[in-house]
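Numbering (the numbering used here), first residue to last: 138 to 493.
Built from N, CA and C at the ideal position, the CB exists for glycine as well.
Before any comments, here is the structure.
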């Protein structure tokens, strides 16, 4: 275990949705030094950490993980004990419209980091422990489930979108660098995240935004695709737990035990809005419309999180209902943030809403 009073943790993608939640959690744990490496692409914004940037041990480096020389400089200067790798292109619709960027960032970027960790660990073998590399991935690499069953850590990989294929490729790179070169690696695969500061191209913030603007809420197909939902702060706690205590070479699935169809999620958001900010015209659910499904839309994802619960003692604190209420309330109270990051819900050429 890496102790909080003697470490440096480098977080890639720390200005993004999940990465910023991880940094906030690391600060709560009084980690000595936290290095946030982020290229500040469209989904990365330092306003997600406006309250944490004054922390004495916090350092920001605006670097793209595809720039290996710049990354090498950052790692040599800060000498991290662990790297939590969250930087990624992650929106499925964007991967369909332009897959090249997903290969560049998610595959080549991960390769760059692994090579630098191998390089640094090799040069520092005498008198210094290896850099731990924690690769954060997705349950989408496993493909689509039927109506029954759960993904476990040894479920076969069957990615069906350019996004999930790029993440599957990066997962395999991480595993190979651990087995072949002895890099200290852990991998985690999570279910769908939601919560404050999520860039407004994803299902929940887009539904909130469109409902408040009295715009149609387009749902893919019949809205019967199923996802397991995980509150982002619960995920952040899980990730830090895996980074600190996970077994070298092991994979941990992280889920919220909260399966919902996309339509149930949309109706849930509308119901919370009906309670908090009712509209004169009746329920927000009347804004829902169904549109043609997108290509390769997996039917169901669901995670078996038994391993992380039994081996590392983690469990989710939020129910889906409590987390959804907190999320909707946050967006209602922080609408200026949505405007400031440029979110308008129009993230791609497609016009339906799905959850990954």
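query, result
"Those runs of the alpha helix (DSSP H) which lie wholly inside the region 331–390 and span at least 4 residues", "340–349 and 369–382"
"Span of the alpha helix (DSSP H), counted from its first residue to its last, around residue 304", "299–318"
"Short Cβ contact (8 Å threshold) for residue 354 with residue 413", "no"
"Of the residues 290, 275 and 168, the one placed nearest residue 219, counting alpha carbons only", "168"
"Closest residue to residue 374 among 454, 465, 248 and 416 (Cα-Cα distance)", "454"
"Simplified DSSP state of residue 438, which is helix, strand or coil", "coil"
"Beta carbon of residue 310 nearer than 8 Å to that of residue 159", "no"
"Close beta carbons around residue 224, own chain, < 6 Å, minus the five adjacent residues each side", "149, 150 and 202"
"Distance CB(residue 322)-CB(residue 331) smaller than 8 Å", "no"
"Residues sharing a beta bridge with residue 321, DSSP", "269"
"Under 8 Å between C-beta atoms of residue 369 and residue 155", "yes"
"Status (buried if at least 16 other CB within 10 Å, exposed otherwise) for residue 313", "exposed"
"Own chain, CB closer than 6 Å to residue 396, minus 5 neighbours either side, in chain order", "363, 365 and 439"
"Neighbourhood of residue 183 by C-beta distance below 6 Å, restricted to the same chain and skipping five residues each side", "152"
"The region 234–254 contacting the region 181–198, beta-carbon criterion three pairs below 8 Å", "no"
"Chain-order list of residues whose beta-carbon lies under 6 Å from that of residue 481 (same chain, five-residue window excluded)", "In this prediction, residue 481 scores a pLDDT of 49, lower than 50, which makes its location untrustworthy; no coordinate-derived value is stated."
"DSSP bridge partner residues for residue 146 (one or two, in chain order)", "171 and 219"
"The beta strand (DSSP E) enclosing residue 195, as first and last residue numbers", "195–198"
"Spatially closest choice to residue 400 from 446, 226, 356 and 429, by CA coordinates", "356"
"Straight-line gap, residue 284 to residue 436 (C-alpha atoms, nearest Å)", "9 Å"
"Distance, residue 428 Cα to residue 317 Cα", "47 Å"
"CB contact flag (residue 409, residue 465, <8 Å)", "yes"
"8 Å contact criterion, which residue 326 and residue 390 should meet: CB distance rounded", "5 Å"
"Residue 461 vs residue 392 beta-carbon contact at 8 Å", "no"
"Under the three-state DSSP convention, the category residue 416 falls into", "coil"
"Backbone CA spacing between residue 281 and residue 221 [nearest angstrom]", "27 Å"
"Opposing strand residues paired with residue 398 [DSSP bridges]", "363"
"Residue 205 at chain C interface by Cβ criterion, 8 Å", "The chain inventory of the structure shown lacks chain C, comprising one protein chain alone."
"Three-state secondary structure assigned by DSSP to residue 486", "For residue 486, the pLDDT reaches just 37, beneath the cut-off of 50, and the residue's location in the model is therefore unreliable, although a value from the coordinates is still provided. Correct three-state label for residue 486: coil."
"Exposed unless 16 or more other CB atoms sit within 10 angstroms - verdict on residue 230", "buried"
"Reference residue 176, options 471, 226 and 190, closest by Cα", "226"
"Exposed unless 16 or more other CB atoms sit within 10 angstroms - verdict on residue 277", "buried"
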